[in-house]
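Have a look at the structure below, then the notes.
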């Protein structure tokens, strides 16, 4: 499979939905990826099985504030620099890159970096969605060490982190990213081909492309198409009637109220946000929660509304897609379940609570 | 202005539309003193001159009493859509290597890029969020860019630097170099045009530079029309996309901001004509209906940046729901399967509609058949009534849906119906307390231009400490800067009000930073 100018827009659409409101807008990342494949040729997407057992897969991501990337849109050479740093550090060849996070802009940046580093991407990622912190990654769950980790800013200033666990890495690497100006590129939780077969969320790239294709090929009922394809639910169709946001320890926290329209008139639903959309509540009841993927779509265009773009008055559909299985395990939930984000309740997979199923939605 | 008589108590609003040019004269009371509708002409000053002449001929309107002339035009929009009369631009981005990933004008429609692009380059420089140098400014690279720009025949330069909304330092350094190398070539600087979001701001800045000739052309034509009508003492202003005004000097510098002023004007005009500050507004034309919302007499803005001529920008336009419903919208099919639009007979309504003896059933005919309107010179034949009634039902439903989509508060609101086709707006819409149909509804646009206030905007990133008092200090600072900028634009100092504050915390930064957008606006100070 190839990522090229034809399917990159679909990939970006799918990645935006998997971002659960976070991961940053894919708009600029898509342009950067398009320009890279236009100049250097398509990026090959290979199955994890195609990586030799002892060669390396390089998970890559941007670390820092998506708001910074509104202005500092990136330097394509960062991909080459990360590769060189890790090869020098480990003495082993890098076979392919991988998006650490398939949700939001971190799905698109690796395409540009892979094109410039002359590497393929594997059809997998470390989250199957977007998460705010570095340790919230499947490789951590699988016991892959967080370091060595390479960090490089857009000027080529670089740092190598050694002998840290994922929590310390999150703390120190983020501080360095801030010192670099708020954003840097990282390769952490590096793994071998053999490890990648069990320690990643498989098929993420092709899944994102498929979601995008479903939406862009549907003439109408685009959201229904996504539901049918992904076993998701629409929790409410409504209007944003209040947005509350504040920053706590560098993370955006807040909530958004959605007031039902048409058949949902009279309902009022609240979405809790910590960078990503985490919890949906109605009348004190939990309708959905992390790790299930909660995404707000513009009711007219089916474009994803990222949390930073939420505004009073938007007409939205609130969509929930099932989490990748890896996060539904007890250990997965310990890392990314509601309690990991400070909520005092247990995760209930969607399907066990309210909402419209695909069959009902398209009735 | 010097040489004015003491009593310049009148203002004229002009709205140059695709079909008609409207003009109104206001004296401070809610009804216009005079009004005129003339055909828009291909040459700029023809239609405007005729409209001015018509209102000045009205009793009680003496040219020497006119203090201000406010103009809303679509010239800039049309020039971009038609790719006509555009200036070839050399685009300079100050932001390597942090912002190398996408080159200037990448992703633009090819025909627009061909019409506009002379040369582009990304040179070292740009800032960090805190205003410090990201990389040092590279004067030599800008000089090389200038040499290339000159060789390519560029007629204007557009400069965009990384984090210019935080500080324009590097854009000003670039300007100094361009002045030294290329003399007085027109230069657009991104911090004067747009807000955060490098690519969108750069796009808007390049479009702005490309509109330089159109701007000069329109400004000269208006000055000439004013002179010809004995209005050379009156101060002209242009309407901009947020519903406020800017001076000719500002318009010459940032013509791109006139794009989208039409919908903002009709919303403002509706507020003025009714005295209602919070309401929904339906502006029904011949082909389409725009439904928007007023909050404190100003158009509520859209959350998303808009595309202009196929190019993404970060301009904030009024939040509108547009539907293909207008007085000229055609009706076809049978009562059981009626088709309403999207085609419209547009400006040919007076020849094509049934009520004017024409062959085409339109929504205007449906309104007449239902007794909502009395236009034309004959009633539609009874045999057409079932079809027309079915069409009107569809039309009512579409308007009701659009109203529901634009409403954001739970309480019901009044709806103000303006525009030539506003008879189509039905009574009894769900969620609407009452439909207000003001007099002079068909010149709401020109009235909106005439009453325009002047505004000042701040859109900046501030570092804030963790204490609540820091936040208060930052907000005060932003408010003060917005008020100052409104006064600098001509607002009366004692009547400037803050009309919008938007605070967006930036994520993943350990030292809290917040993006603050403040808009202040006030009436023009007396001459």
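Chains as they are written, first to last, in this note's numbering: chain A, 6 to 368; chain B, 327 to 853.
The beta carbon of each residue, even a glycine, is placed where N, CA and C say it ideally should be.
For the pair residue 400/B and residue 374/B, the CB atoms are not nearer than the 8 Å cut-off.
For residue 485/B, DSSP records a beta bridge to 418/B, 515/B.
Annotation note: the segment 424-492 of chain B contains the following uninterrupted alpha helix (DSSP H) runs of length 4 or greater, listed N- to C-terminal: 436-442, 465-478. Burial is judged here by how many other beta carbons sit within 10 angstroms of a residue's own beta carbon; residue 563/B has at least 16 and is buried.
The C-alpha of residue 574/B lies about 15 Å from the C-alpha of residue 393/B. Not a single CB atom of chain A sits nearer than 8 Å to the CB of residue 457/B.
Per DSSP, reduced to three states, the secondary structure at residue 68/A is strand. The CB of residue 603/B never comes closer than 8 Å to any CB in chain A; the least such distance is about 17 Å.
Neighbours of residue 771/B in chain A, taken as residues at a C-beta separation under 8 Å, are lacking, since the least C-beta distance is about 23 Å. With distances taken between CA atoms, residue 63/A lies nearest to 204/A out of 339/A, 351/A, 204/A.
Runs of the beta strand (DSSP E) spanning 3 or more residues and lying entirely within the segment 61-147 of chain A occur at 61-69, 99-104, 126-130, in chain order. Closer than 7 Å at the C-beta level to chain B, one finds no residue of the segment 212-233 of chain A. Rounded to whole angstroms, residue 178/A and residue 423/B show a C-alpha spacing of 22 Å. In this structure, residue 503/B sits near residue 469/B, with a CB-CB distance shorter than 8 Å. DSSP places residue 194/A in the coil class of the three-state scheme, outside both helix and strand.
Boundaries of the beta strand (DSSP E) around residue 277/A: 273-279.
Against chain B, a Cβ distance below 9 Å from residue 266/A picks out 730, 731, 733. By the Cβ rule, the segment 755-767 of chain B counts as touching the segment 348-365 of chain B, because three or more pairs are nearer than 8 Å. Counting along the chain, no alpha helix (DSSP H) covers residue 391/B, and no H or E run does either. Cβ contact annotation for residue 489/B (same chain, cutoff 7 Å, sequence separation greater than five): 452, 453, 454, 455, in chain order. Comparing alpha carbon positions, the residue from 355/A, 293/A, 264/A closest to residue 348/A is 293/A. If you draw a straight line from the Cα of residue 658/B to the Cα of residue 744/B, it is about 26 Å long. Look at residue 291/A here: in three-state DSSP terms it is strand.
No Cβ of chain A is located within less than 8 Å of the beta carbon of residue 687/B.
Inter-residue distance for residue 115/A and residue 130/A is about 11 Å (C-alpha atoms, whole angstroms). For the C-beta of residue 40/A, the chain B residues within less than 9 Å are, from N- to C-terminus, 427, 428, 429, 432, 433. Using a 10 angstroms sphere on the CB of residue 419/B, the tally of other CB atoms reaches 16 or more, which defines it as buried. For residue 405/B, the closest C-alpha among the options 395/B, 538/B, 811/B is that of 538/B.
Rounded to the nearest angstrom, the Cβ distance from residue 614/B to residue 650/B is 6 Å, consistent with a contact under 8 Å.
In this structure, the beta-carbon distance from residue 475/B to residue 483/B falls below 8 Å. Contact annotation: residue 523/B and residue 640/B have beta-carbon atoms nearer than 8 Å. Taking C-beta atoms as the reference points, residue 48/A and residue 155/A fail to come closer than 8 Å. Using beta-carbon distances, residue 461/B counts as an interface residue toward chain A, with a partner under 8 Å. If you draw a 10 Å sphere on the C-beta of residue 845/B, you find 16 or more other C-beta atoms in it, and that means buried. DSSP places residue 337/B in the uninterrupted beta strand (DSSP E) bounded by 336-342.
In the DSSP assignment, residue 406/B is bridged to no other residue.
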